[in-house]
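Note that the UniProt record's numbering gives residue 97 to position 97 of the sequence shown, counting from 1, and the numbers run on in steps of one.
Working notes, structure below.
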Amino acid sequence: MTTTDPTPPLDLDAIRRRMDAASPGPWIAHPDGLVWTEQAIPGDPVSGSVELADAEFIAHSRADIELLLAELTEVRVELDYQRQMRANYDELHADQVEQLRAELAEARDTIATLRQVVADAADALGEGEQGTDHDHPDEPTNPDAAVACLLCTPLALITVGQLDQHNREHHAEALAEAAQTVSLPGVS
């Protein structure tokens with residue numbers, strides 16, 4: 001079984017056409033049943049055409065207003081729903097936002113700590129002698145550039161047995177010294 005909506009669709013274009021064709025008013029209902037406008041309409045091409053447009057506008061106004069009010073009510077209900085959803089979303093996710101902000105601050109602190117560890121390790125490695133004692137292409141004054149060397153060295157010491165004893169001892173001492181100056185989570 002099909003149900004049909006008895007309310008006709010809202011035709012904003014037709015309402016606008018009727019409104020544009022009608023005179024601006026004011027309109028007065030006289031006891032004789034006629035509706036009059038109290039202003040002259042210069043350039044009325046056909047006598048009575050403005051009155052007909054006014055009459056059509058007035059005749060449709062009740063139905064148009066009903067449709068417009070129904071549409072307005074529907075839009076307001078939807079707008080209220082959207083506002084409530086946003087308020088609920090903000091409220092529901094406030095804890096998550098705060099948690100993410102805290103994690104970001106912690107990550108920034110960790111990055112700052114790691115930069116300091118790298119700088120301290122670079123100093124301990126004697127970066128001024130890097131070109132002579134070490135065969136690293138990294139910039140000696142850039143702690144970020146030394147990260148690859150410092151992070152890869154323990155893996156290289158374990159997996160690659162081709163480093164000479166001097167480099168192994170030197171890197172191990174520098175890493176141990178840097179690790180003692182700053183404690184990092186998960187690094188013992």
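The C-beta atom is built at its ideal place from N, Cα and C for all residues, glycine as well.
Residue from the options whose Cα sits closest to the Cα of residue i
{"i": "residue 18", "options": "8, 9, 66, 52", "result": "52"}
{"i": "residue 250", "options": "79, 10, 55", "result": "Residue numbering for the chain in the displayed model covers 1 to 188; residue 250 lies beyond these limits and cannot be assessed."}
{"i": "residue 10", "options": "24, 26, 72, 120", "result": "72"}
Helix, strand or coil at residue i [DSSP, three-state]
{"i": "residue 135", "result": "Residue confidence is low: residue 135 scores 48 on pLDDT, short of 50, so the model does not pin down where it sits. Its coordinate-derived value is still stated next. Three-state result, residue 135: coil."}
{"i": "residue 100", "result": "helix"}
{"i": "residue 121", "result": "helix"}
{"i": "residue 23", "result": "coil"}
{"i": "residue 10", "result": "coil"}
Proximal residues to residue i (C-beta, below 6 angstroms), its chain only, five neighbours per side dropped
{"i": "residue 67", "result": "10"}
{"i": "residue 64", "result": "15"}
Beta-carbon proximity list for residue i, same chain, < 8 angstroms, skipping 5 on both sides
{"i": "residue 85", "result": "none"}
Can you confirm whether the region 60–69 touches the region 9–16 when touching is taken to mean that 3 or more C-beta pairs between the two stretches lie within less than 8 angstroms? yes
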